[in-house]
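Enquirer:
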Amino acid sequence: MNGTQWAFIGVFFVLALLFPALPIVLGHFMGPRRPNPIKNDVYECGLKTYGTPWVPFKVQFYLFALVFLIFDVELVFLYPWAVAYGVLPMFAVFEGILFILMLAAALVYAWKREALDWYEPTMPEATD
Amino acid sequence: MVTTFLFGLIALIMVLAALVAVTNRNLVRATMGLVLVLFGNAVLFVLLEAYFLAMAQIIIYIGAIAILIVFAIMLTRHVGEDWGPAFHRAWPWALVIAGGLGGALLFWMVRWPGGQNTPAGQVDPNYVQALGQALVNPQGYVVPFEVASVLLLAALIGAIYVAWGGRRVKGPYPQRAEGGER
Amino acid sequence: MGAFLRDPSVLVEWLRALLMSWGLSAGLTELVLYLLGGFALATGPMLWVIFLIWFERKAVARFQDRLGPNRVGKFGLLQPFADVLKLMTKEDIIPEGADKPLYWAAPILSVAGVLLLWPAIPLGLGIGGNLNVGVLYLIAAGTLGIFAILLAGWSSNNKYALLAAFRTVAQLVSYEVPMVLVLLLPVLLARSLNLQDIVQAQDVWFVVYVPLAALIFLIVSIAEVGRTPFDLLEAESEIIAGFHIEYSGMKFAMFFAGEFLHAFTIGILTAVFFLGGWRGPGADIYPVLGILYLWLKGFLVYFVVVWIRATHPRIRIDHMLNFSWKFLTPLALTLVTVGAVLDKVVVGWGVWPRALAHLASNVVVALVTLQLVRAWARRLPRPKVGEPRPVARPQPQTQPQPASGD
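Chains as they are written, first to last, in the numbering used here: chain A, 30 to 157; chain B, 10 to 191; chain C, -5 to 400.
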């Protein structure tokens, strides 16, 4: 049963890529093509882009991704537990809850260390 | 038959993507090569009927780790402008060692009798439930399960400490300008 | 006809027999059937999008006391077709310095990421997705969309686009945590990752069991789509159009179609997880009816999403991130913990008592949360209404200091 489902998804994956690709290719050939340096310029408000678009970003982005990664890994562990929930004895449920509490501890730590705060130099202080 | 063909195709794509990931000087493209390799890996898991593992592979490796890598790349200065030598000058030696190890592994894998075994049978459709039971079973993997959570907590603490530099003051930026409204 | 209504698989059997009679091998027949099925499953949503675009424009216009499209066709129904034609014949501009392969890949991935959600969705009894890791499949398919945005932002060689891509990914990543957490509850209540099983388990809709979880799921889904209260990815006033700023013609249209389809898809997913999916009177006997029920429920949720879009202003990025990490995530953690403990106690109580016990626990959690939020809000310094607030003060202070807020 599952094998056929996945075979279908495999076929559908190819179709899902083709379906949007087709109109895009079609549009590419149907539209006019008169490029000129000004038209092809990168959009900017009145000026040429100053420097490269590669500006180093805030460290916060990285921290959010980091905290997310930890949560993601832990949550994937929790799904089999939730599926098996019906056949688990009470103490096994509490083992899962202990796991969740560890997750909560991670959240509390990240919160207290202000890893979840967003600072803007020009922003009025976040209201918390 | 179809599975063998698909395996060959995906393996080929994975090898090519891995080459992109290693040799491309553009870091973002190299990351995309890595993502393709990881995705191919997930497809291989599906072919092996390890569906849960395949989904975990995509969610964790592509959904979280690859994004973390992209963020890390974007944080560095002068990305995409790194035109230094891509090859270490001892690369022939590295090739010899890597090729030798790979060849030895291949040699032993071909000779390993376990490779000839046929699958034991249909995969239990309730294997996710079985996995869940095993994870919290005292006779099973409950200790690794709980230790994993502690390990991840430690990883988070360490990562925040490293990224934040052990700072206790509020924020890396100056707070608001003098006399702003509250 | 009656047989088809009772069991839609006769259509597949009939097709299979027909193809076999043409002398196709068994493997090839299966492939053709998959292709046909895939075509149907992909065409349906893609055509539906055209209607959705019209509907949303019309609905939002009515909310804002406008008429909306009304020139092309009756009620402007043909407007989207005119738009498609127009976009089709627009020049395909590729900005200077763009990373071409990735620039092309981004809009395709953005639609594919949404379409790929569909094979997992159970459309009726025995129709549609029946994956035994369905929930995880949905989460995994969602990562494709994140990459589409990241690629679009990066390959455009534009500062605004890159900035938007980063904001967006930070947002999507932040809101995925409460989403994945809250989806544990339907899984826990149904004891299965299979979406078909989750629907079958909803003798009482899960929204009755865990209304808070349903609410969190809806909010988080809106954030995942990047709809209005959370549309920082295309904040027109700040970063112009966000990650698709450099896209034109059909590529731009694909981003748009992907967004609209995604908005409808989250309606369908909310229906599957919390509103009983395809279940409804008669859907057990006539599975085709189930498709209709699912569609209606999904459309209802979609309307709520449009309603929210038409009503709410955009929120600031720090508020948005705080809302996810400091409100939704702790709340979701609490809900999962409470649900896990409670369900062991009430599991033998029968359907309705069990549902009501869960409902009661949710009400308690909601009341406690409201109290906590209220206590927190009371501690906030707030400017008093009606007092003069200095907008910008001259540097050497000549004016007398206006009375401060507190």
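Backbone N, C-alpha and C define an ideal beta-carbon position, used for all residues, glycine too.
In this text, all values refer to a predicted model and were calculated from it rather than measured experimentally.
With H, G and I counted as helix, E and B as strand and the rest as coil, what does DSSP make of C/P116?
Expert: DSSP places C/P116 in the strand class (E or B) of the three-state scheme.
Enquirer: Assuming C/M40 and A/F48 form a contact by the criterion Cβ under 8 Å, report the distance between their Cβ atoms to the nearest whole angstrom.
Expert: The C-beta separation of C/M40 from A/F48 comes to about 6 Å, placing the pair in contact by the 8 Å criterion.
Enquirer: Exposed or buried, C/A11, counting other C-beta atoms within 10 Å across all chains shown (16 or more means buried)?
Expert: exposed
Enquirer: Taking just the CA atoms, how far does C/V332 sit from C/S355?
Expert: 7 Å
Enquirer: Determine, for B/L77, whether the minimum Cβ-Cβ distance to residues of chain A falls below 8 Å.
Expert: yes
Enquirer: Consult DSSP for C/G122 and reduce its assignment to one of helix, strand or coil.
Expert: strand
Enquirer: Check whether chain A comes within 8 Å of B/I74, counting only Cβ atoms and requiring the distance to be less than that.
Expert: Cβ-Cβ to chain A under 8 Å: yes for B/I74.
Enquirer: Mind pulling the alpha helix (DSSP H) runs of 4 or more residues that sit fully within the stretch 13 to 74 of chain C?
Expert: 20 to 57
Enquirer: Given 8 Å as the limit, is there contact between the stretch 102 to 117 of chain C and the stretch 44 to 61 of chain A, that is, 3 or more CB pairs closer than that?
Expert: yes
Enquirer: Suppose you measure from the CA of A/A45 to the CA of B/E58; what does that come to, to the nearest Å?
Expert: A direct Cα-Cα distance of roughly 22 Å separates A/A45 from B/E58.
Enquirer: Residues of chain B with CB under 8 Å from C/I140, in chain order?
Expert: Under the 8 Å cutoff, chain B gives G72 and I76.
Enquirer: Anyone know if the C-beta pair for A/A113 and B/G141 falls short of 8 Å?
Expert: yes
Enquirer: Could you pull the start and end residues of the alpha helix (DSSP H) that C/R348 belongs to?
Expert: V345 to R372
Enquirer: According to DSSP, simplified to helix, strand and coil, what is C/V127?
Expert: coil
Enquirer: Can you give, in chain order, each stretch of the alpha helix (DSSP H) that sits fully within the stretch 54 to 81 of chain B and has at least 4 residues?
Expert: 60 to 65
Enquirer: Hey, out of A/W110, A/G39 and A/F123, whose CA is closest to B/G49's CA?
Expert: A/G39
Enquirer: Against chain A, with Cβ distances strictly below 8 Å, would C/P2 count as a contact?
Expert: no
Enquirer: Answer yes or no: do C/N188 and C/L117 have a C-beta to C-beta separation smaller than 8 Å?
Expert: no
Enquirer: Just the C-alpha distance for A/L104 and A/F58, rounded to the nearest angstrom, thanks.
Expert: Answer to the nearest angstrom: the Cα atoms are 46 Å apart.
Enquirer: Using CA atoms only, rank isn't needed, just tell me which of C/A217, C/W289, C/F267 and C/G17 is closest to C/V402.
Expert: Since the displayed chain C opens at -5 and closes at 400, residue 402 of chain C lies outside it and no answer follows.
Enquirer: Consider the Cβ of B/F223: report whether some Cβ of chain A lies at a distance smaller than 8 Å.
Expert: With chain B covering only 10 through 191, there is no way to say anything about residue 223 of chain B.
Enquirer: Please list, in chain order, the residues of the stretch 17 to 51 of chain B that have any C-beta partner in chain C closer than 9 Å.
Expert: N35, V37, R38, M41, V44 and A51
Enquirer: Starting from the C-beta of B/V44, find all residues in its chain whose C-beta is less than 6 Å away, skip the five residues before and the five after it, and write them out in chain order.
Expert: I71 and A75
Enquirer: If the cut is a Cβ gap below 8 Å, which residues of chain A does C/G91 touch?
Expert: V71
Enquirer: How do the stretch 283 to 290 of chain C and the stretch 262 to 274 of chain C stand: do at least 3 beta-carbon pairs fall below 8 Å, yes or no?
Expert: Enough Cβ pairs lie closer than 8 Å, so yes.
Enquirer: Between which two residues does the alpha helix (DSSP H) harbouring B/G109 extend?
Expert: W100 to R120
Enquirer: Which word fits C/M314, buried or exposed, when buried means at least 16 other C-beta atoms lie within 10 angstroms of its C-beta?
Expert: buried
Enquirer: Is there contact between the stretch 170 to 179 of chain C and the stretch 315 to 329 of chain C, where contact requires at least three CB pairs shorter than 8 Å?
Expert: yes
Enquirer: Mind listing the chain F neighbours of C/L96? Cutoff is C-beta to C-beta under 9 Å, in chain order.
Expert: You won't find chain F in this structure, because its protein chains are A, B and C.
Enquirer: Let's test the definition: count the other Cβ atoms within 10 Å of the Cβ of C/M14 and tell me whether it reaches 16, buried, or not, exposed.
Expert: Burial check for C/M14: the Cβ neighbour count within 10 Å stays below 16, so the residue is exposed.
Enquirer: Leaving aside the five residues before and after B/L56 along the sequence, list all residues of the same chain whose C-beta is less than 7 Å from its C-beta, in chain order.
Expert: T12, L15 and F16
Enquirer: Kindly list, in the order they appear in chain A, the residues whose Cβ is closer than 7 Å to that of B/F80.
Expert: F90, Y91 and A94
Enquirer: Using a Cβ distance threshold of 8 Å, determine whether the stretch 22 to 29 of chain C contacts the stretch 264 to 281 of chain C, with at least three qualifying pairs required.
Expert: no
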